Structures are given as C-alpha cells and as structure tokens.
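Protein chains in written order, with our numbering: chain A, 8 to 451; chain B, 8 to 451.
Right under this line is the structure:
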C-alpha cells in the first residue's frame, strides 16, 4: 500500500469517515457506540473511525450530535465527498434503496441493517457494488447483535452446510414463550407485547413471519451459495397457534417455536417460516423471551448454536459497527481480501422446493365425535397415504362431552400427501371442524 | 494487486498451497475436509486450496493421502518453498514451537489448533510473525468448531467486553452432566469417560482445568486487549466436586459447571477456572454433555452465547480450514487487512487479579455437630467479615445422626475475606472436617 508510514515503516492508515443515514433507534445506537467506544474501536480497527455527517429529521433525545455535521437531506450525506462509508439505517424499500444505490454509484462502501432491502433487492445491489469495487455489508440485518452472518460466511466456511433453523423474530418468540409459561392465548399476549413496545402497532411483519422470511432468505443464500429467493419462501404466522397445542406439545416433550428453517435436499432447498414443534432437549428449544437464536448444521462441525438479542439499539449497533470495523480494515485492500457478498464467488441456481414437496413430520389435532371406529377411519386414511404414526393420544374435548381430541405425531412425509390426508379426514362425518396441523422438526 | 486477470479484468488468484504437520485426529480431519469440500471451499475463498505436502509418521486409516506428497520429517514441510501456509497440528510445546517459528522465519503463514502453545508463547510467536509480515491464526485452539475467536475479534469488535464465561472443556462438562443426571460420583464417571475415549489416560489437563486455563487466557486477551497471562490464571479442577453438592445446587435452582471466567473490573482482570454454581435459567447452564459454550457480555450487544462441539476431528478441522480460507483471502493484501493477532493493535498491560482479590458469591457446605448455637457462631463469623447471607439451609447429615450439614449461599465478597471466614469456621469445635466452598456466579 502507498501512504504515510510511521518510524517503524508501518502504514499509518488515515481515519475512516462514516455518514449515518437515519438517526432513529438503531442510528442513534450506532452513533453512541462509535462515540463511546471510539478509542477501543480504533485499537481494534487499526485506524480511527469518525462520524463525518448524520441525517437528522427529528431530534433523537438519546443522541448528542454536538460537533457532528447534521442535515435533513440524506442525499447530502450520500454525496458528501469526504465520506467513505454510508450507513443506511432508514429501513423500507424506497428511500433506503435510492440511498444505497447512490452511495455505491458514488464509490462509497455501504453498511445496512435493512433485511427487507437485502432479501428483495440484494442481488441488484451487490452487482452494482461489485461493478464499482465497493462492499455492501449487512450483519445487522439478521439476528441483531449475534454475528451470524460472519459465522456462516466465514466461521463455518469449511463446511458444506446441511441445514439451519432460527428463532429470528424476537416478538414472535416472546409471544410463544408467554403463551407457554402462563397458558395465555395469542391475542392477549400480543396486546401486552404492543404495550411493552416489543411489537409494532401493525404486528403483521413480525407475527405473520414476513420479517423472519427476509432474514431466512439471507441466511440460506450465504449458507448454500444460492440466489436470494424471498418470493419463494413459505411463510406462516403464529396467530393461529392455540394454547391447547402449546400445552399438548409440552406433554409430548416438545416446544412450539416460530422457526425459519432451511435445508439442502437432493431435490432442492427448503425455505420456510412456520410454527414448529421441536424436541424440548434441543438447545434452541430452550431459548425464550425476546432472544434470537440460530442453529447451523455443517458437515464437519455438526450443530453450532448462536444466541443473543435480536433487536434494540445496542445489539443492532454492535453488528453495524462490526461491519464498519471490517470495512476499515479491508477497504484499501484489493477486493479479493473481502468476503463475497453472498459468501460464494459463484451462485448455484438451486430451486426452492414448493411447500407441497417439503418433507417434514407433523402434529395433528383432530376434533372428533367420541364413538367407536373413528380412530380406525383416521388411521386408515393415513396408512393409505403411507403416513406412519409415531404417537397417538386421545383427549377429552375441552367443553363438549360428545367431542374428543385426537393428537397424532407422524413420521416424515411429503406435505402434499399430508394435505390430501387432512382433506380426507375433514370429510369424515365424525370429524368436527378443521384439523390443526403443526410441522414437527427433530433438527437432527 | 498485480497478477493475471480473467476476461472481465478480475484478478485470478493462484491456488494456495498448504502443508499439514501432524496427521492425527485433527490433521486427518483437516485433510479430509479440505479434500471433500474442495469445490465449495474454492467458491468461498475465491481461489483453490491445495494440500501440497503432509507429515505422516504413522498411517492414519481415516485418511487417503494418494497423490499428496508425504514425509516423516516436519521440517521438510516447513522448508518446502512451494508451501504458503503451514498447518501445525502436532500439539505440545517443543516440536510444535520449532515448527511454527521456523515456518514464520521462512515467511509462511501459520494455522494452529495448539492452545497451550498460543497461551504460553503467543506473544513471542506473534511478534516474530509481525516482523516477517505473516499471520498466525488459531481459531481451532478454543472451543473446537465454534467460531468464538472470530466472534470476539471481529463480530463483537464494536463492544467494550465486560466479561465472558465458558464451558471450554468437553470432558469436564461430560463428567459434571453425568454426575447430575445420574447422581454418580466423579471417579466413577471419569473411568467411563476414559473408556469412551472422551478423557485421556492422564486426565489432569482436562479435569484439573489446565486445558481450560489455556483457552481462557486466549479469550481474555482478545476480549480486553491485554497480554496473554496464563501464568496468572487461577485454576481449580472438578475432582473434588461431591455428588451431594451437585444435588444441593439443583435444589437451590443452580447448576455446577466447570467454567472459565474472565471479568474486567476497576482493579484488574479476573482470570479463573473453577467449578461454578450458576442459575439454572441461564442459557449456558443448560449446555450439557461434551458440548462447549461461551457467553460473552459486551456493553452494546449484551449477552451472546455460542454453543457447539469443542473437540473431535470434524469440528476442529472446521475451525482450522476456516482460518486457511481467511488467509487465502487476505494473504496477498497489505497486513492492515488482517485482524490483529490479539485483536488490538496495542496491548494494555492490565494486571490479572490474584484470586484473593476476586469478588464472587459463594456456596458453603459445613458439616457440623447438630446442637444449639452452631448456626449463630457461623453467622457471627460471616457477619464480622461483612459477608451477607443470601440463603441458608440445614440438612441432616448423610450418615451420622449427630452431624448436620449447613448450606449457605452468600452475596459477593472478596475471596480473602471468605478465606478468613472459612478458616475461622473450621476452628469451631462444632465444625466437622473441612468446609466445602464453591464459587457462585449469576452471570448478570
């Protein structure tokens, strides 16, 4: 490298100048971490990291911007020629995308926490970045402060990854934990989560699994070297998980978690977010409350598990600033010194399996008239479709004496066969209402 | 970078050539991972990684070295001019150190899994490497396949690390898990662990905490930017943990784990390995069997937890090869593109606190004659030294009717005061034998 050297002949790298776009919760957290830990960060990065300019539309009482240039116009930051790294913490698809693409066009590196943007427009963004010789990093986009992107792209790089499963939405995990601990129902806990500020006024993104699907899309791409395929991610929320299913899961030695699951199979990649029953002895089953956790299985390493806060100012800032420090080290080096945007230098166009072709085990809860022959009819329907029963329990119905509940755990089977079986069971005279189905994964 | 380019003008990096010294369990695992996953590894590293030569003293039936140069002489590998990276998997201090120092002298990068070597000679080795402009990496030295070195040096680089605590010896965790699950005693489980191959014929390194102390020394250095101070690490093994203490811990809502603990305090750094009672609801308390786990607390991120296999051919090879891949990316870039050997570019000479000055809470088990006034005498001794009691339980003695056991949980206090209190309690007429003391950490 050209550049000034000190007396020992070592390079003295000039400070890195950062522009922060969006000074809300995460932007404020990033500002504060960079300021408070400046000295230690410089010792780690090998150079100073300076906040050159920030956007400030509304005052953020958590941040003291004294001495730092502020502007209400993000593009003033993006076009500031003194800035090396643009930190995009605006969120959403529209302005955020313009900011990122313009920053790249201006030859700046980008750090973002925007999972939706990366999951949906990542390939376009990374192609633009590679053409310009800059990096776009996104550790904060998945699982907050847990360095899971780094673990998969670098820490486990020796492995052929077989599968991964993550609790990657803290709101959902909080709700399911409360439902289990206190026997409460979904709507009740959601209202509390909203009051506590854990859940948004519009909770759809969190509880219907869209946020988790964005994150899972990113994780699977860097795990297997496949394109980002958010549009093919199967997504099912937790709003229909009933307290009695939480209770029966427990009785059977399982927990219900809202998991993002991705698995490499001979026929394609599983990519799906849904309520999942997992054995209670798996370490990830014990991760409760707002915590996030990801288990990754690699062919050499076996299972590794990563747990931590998935959201909040501090944890998310921790990931954003880690990306800035990595850039501070590599930005003056040849591009080959940086990790590939999606971990691999070539992307395999492996298809995502439609949910009908996914193989998993199932928990079924069937409300039936309590009379002889009912069990036999159900068992026949399952066996005709080669669905093997692992366990079967009959329960008295909660309210009506004439109704019983049949709980069935099956072995793994293709979803399509299970769809057919459920349709057939629902047409039986003895079946009352819809069959409840929760997918079961043993994570082995 | 100069070098050949492809049609698009991108650099085509030439293959990286690796020499493996030591083809035992981990060496064989490394050989097999590099061979089996060669294609995917090249896609991640951006260049091919080739095994150029390996040392082979005894045949390893798990490895097929056909087509690879072998030699019984490690220095033939170290001096092979075609080799870029020397992988040291010999272990121990003597030949391993010569291999590493000679490789550096020859201008080669080094990857090692040798915790003892790094904990004891790390600074000498890193200084030599920096003088030569090469890197020595050691992800595999701590917690096997868990990318914990990377997590602390890079993933959490934004944070001021406050403390870390790890189950970093799988043998010890297996023994404690069996003791708890089955009420067995230490010697009995150790014998089984040896039969299963989990414990060495000489188990001292594992069960007396020396192996864990090597690893903890490395973790604390990269967490706080302090020198490697293995010689100041307090080390206490698990051989004296009695089944009744395991049982009482459980009753009190705790688990006993053999933890390596390091904490930054105003007066210095805690650096200690000992049996530790931790609240059962902490995620790390639930990590059982041969698994390893490390919790790291940073000022921005809060607690993060990393769990996985701490030993074995595959997991250790996973870490070794991850280091090789990182080197493949950065070895042709300026040194500033690589992470500092001990995470920081300057090292703060912070002292390690002698164990007498460490503050922690305690569990005490005191065997006493069951008569009036005994409790009062013990309480007086504690209160005179300002040791506050959090809980106190009296138990019937296990065998002798005239003896009872008093179990006390205290608040945090300096170890020196507790030493004095225990000495005073042991001089009471009513006290029978030695007082059992286990340190308690709430990890908050």
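Heads up, the beta-carbon is just placed ideally off N, CA and C, and yes, glycines get one too. Just so we're clear, the structure is a prediction, and the values are computed from it rather than from any experiment.
Rounded distance between the beta-carbons of residue j and residue i, thought under 8 angstroms
{"i": "residue 250 of chain B", "j": "residue 186 of chain B", "result": "6 angstroms"}
{"i": "residue 173 of chain A", "j": "residue 301 of chain A", "result": "4 angstroms"}
{"i": "residue 443 of chain B", "j": "residue 252 of chain B", "result": "6 angstroms"}
{"i": "residue 223 of chain A", "j": "residue 240 of chain A", "result": "6 angstroms"}
{"i": "residue 350 of chain B", "j": "residue 160 of chain A", "result": "That belief does not hold up - the Cβ atoms of residue 350 of chain B and residue 160 of chain A are roughly 19 angstroms apart, past 8 angstroms."}
{"i": "residue 85 of chain A", "j": "residue 118 of chain A", "result": "No, residue 85 of chain A and residue 118 of chain A are not in contact; Cβ-Cβ is about 13 angstroms, not under 8 angstroms."}
Secondary structure of residue i, DSSP reduced to three states
{"i": "residue 450 of chain B", "result": "coil"}
{"i": "residue 197 of chain B", "result": "helix"}
{"i": "residue 310 of chain A", "result": "strand"}
{"i": "residue 173 of chain A", "result": "strand"}
{"i": "residue 305 of chain A", "result": "strand"}
{"i": "residue 441 of chain A", "result": "coil"}
{"i": "residue 150 of chain B", "result": "coil"}
{"i": "residue 393 of chain A", "result": "coil"}
{"i": "residue 36 of chain B", "result": "helix"}
{"i": "residue 401 of chain B", "result": "strand"}
{"i": "residue 244 of chain A", "result": "coil"}
{"i": "residue 20 of chain B", "result": "coil"}
{"i": "residue 122 of chain A", "result": "helix"}
{"i": "residue 360 of chain A", "result": "coil"}
{"i": "residue 186 of chain B", "result": "helix"}
{"i": "residue 239 of chain A", "result": "helix"}
{"i": "residue 346 of chain A", "result": "coil"}
{"i": "residue 341 of chain A", "result": "coil"}
{"i": "residue 137 of chain B", "result": "helix"}
{"i": "residue 297 of chain B", "result": "coil"}
{"i": "residue 315 of chain A", "result": "strand"}
{"i": "residue 55 of chain B", "result": "coil"}
{"i": "residue 378 of chain B", "result": "coil"}
{"i": "residue 287 of chain A", "result": "coil"}
{"i": "residue 280 of chain B", "result": "strand"}
{"i": "residue 64 of chain A", "result": "coil"}
Contacts of residue i in chain B (Cβ-Cβ under 7 angstroms)
{"i": "residue 293 of chain A", "result": "290 and 293"}
{"i": "residue 190 of chain A", "result": "Near residue 190 of chain A there are no residues of chain B at all, since even the closest Cβ is about 19 angstroms away, more than 7 angstroms."}
{"i": "residue 337 of chain A", "result": "344"}
{"i": "residue 34 of chain A", "result": "Within chain B, no residue comes near residue 34 of chain A; the closest Cβ sits about 14 angstroms away, beyond 7 angstroms."}
{"i": "residue 157 of chain A", "result": "157, 161 and 162"}
Amino acids of chain A, ordered along the chain, whose beta-carbon sits closer than 7 angstroms to that of residue i
{"i": "residue 40 of chain B", "result": "165 and 307"}
{"i": "residue 310 of chain B", "result": "315"}
{"i": "residue 353 of chain B", "result": "50"}
Per-residue contacts from residue i into chain A (C-beta, under 8 angstroms)
{"i": "residue 347 of chain B", "result": "51 and 53"}
{"i": "residue 350 of chain B", "result": "51"}
9 angstroms Cβ cut-off: residues of chain A touching residue i
{"i": "residue 232 of chain B", "result": "47, 50 and 51"}
Contact list for residue i against chain B, beta-carbon separation under 8 angstroms
{"i": "residue 24 of chain A", "result": "Under the 8 angstroms cutoff, chain B gives no residues; its nearest Cβ is about 17 angstroms from residue 24 of chain A."}
Practice task
Below 9 angstroms between beta carbons is the criterion; list the residues of the region 43 to 70 of chain A that meet it against any residue of chain B, in chain order.
Solution key: 43, 44, 47, 48, 49, 50, 51, 52, 53 and 54
Exercise for the section: Evaluate contact between the region 350 to 358 of chain A and the region 177 to 186 of chain A, counting only Cβ atoms and requiring at least three cross-stretch pairs below 8 angstroms. Expected result: no
Practice task
Identify each residue in the region 159 to 186 of chain B for which the Cβ-Cβ distance to at least one residue of chain A is less than 7 angstroms, and report them in chain order.
Solution key: 161, 162, 163, 164, 165, 166 and 167
Handout entry: Contact list for the region 315 to 333 of chain B against chain A, Cβ threshold 7 angstroms
Key = 315, 316, 321, 322, 324, 325, 328, 329, 332 and 333
Exercise for the section: Check each residue of the region 246 to 272 of chain B: if its Cβ is closer than 7 angstroms to any Cβ of chain A, include it; give the result in chain order. Expected result: Taking 7 angstroms as the upper bound on Cβ-Cβ separation, chain A lies near no residue of the region 246 to 272 of chain B.
Problem - contact_flag[the region 244 to 262 of chain A, the region 128 to 144 of chain A] where n(CB pairs < 8 angstroms) is 3 or more - result: Contact between the region 244 to 262 of chain A and the region 128 to 144 of chain A is absent, with fewer than three C-beta pairs closer than 8 angstroms.
Exercise for the section: Say whether the region 427 to 442 of chain B touches the region 360 to 373 of chain B, bearing in mind that this needs 3 or more beta-carbon pairs closer than 8 angstroms, one atom from each stretch. Expected result: yes
Practice task
Could you name the residues of the region 129 to 153 of chain A whose beta carbon sits closer than 7 angstroms to any beta carbon of chain B, in the order they occur along the chain?
Solution key: 152 and 153
Exercise for the section: Closer than 9 angstroms, Cβ to Cβ, to anything on chain A: give me those residues from the region 69 to 99 of chain B, in chain order. Expected result: The region 69 to 99 of chain B vs chain A, Cβ under 9 angstroms: nothing.
Exercise for the section: Flag this pair as touching only if the region 64 to 77 of chain A and the region 29 to 47 of chain A have three or more C-beta atom pairs under 8 angstroms; answer yes or no. Expected result: yes
Handout entry: Three or more C-beta pairs below 8 angstroms linking the region 144 to 155 of chain B and the region 330 to 339 of chain B
Key = yes
Exercise for the section: Specify whether the region 288 to 304 of chain A and the region 267 to 281 of chain B touch according to this definition: at least 3 beta carbon pairs, one from each stretch, less than 8 angstroms apart. Expected result: no
Problem - Segment contact, 8 angstroms Cβ cut-off, at least three pairs: the region 215 to 223 of chain B with the region 121 to 128 of chain B - result: yes
Exercise for the section: Please determine if the region 18 to 32 of chain A and the region 332 to 344 of chain A are in contact, where contact requires at least 3 C-beta pairs separated by less than 8 angstroms. Expected result: Counting Cβ pairs under 8 angstroms, three or more are found: they touch.
Practice task
Count the CB pairs spanning the region 231 to 251 of chain A and the region 148 to 156 of chain A that are closer than 8 angstroms, and state whether there are at least three.
Solution key: No: fewer than three Cβ pairs fall under 8 angstroms.
Handout entry: Three CB pairs or more closer than 8 angstroms across the region 48 to 62 of chain B and the region 87 to 101 of chain B
Key = yes
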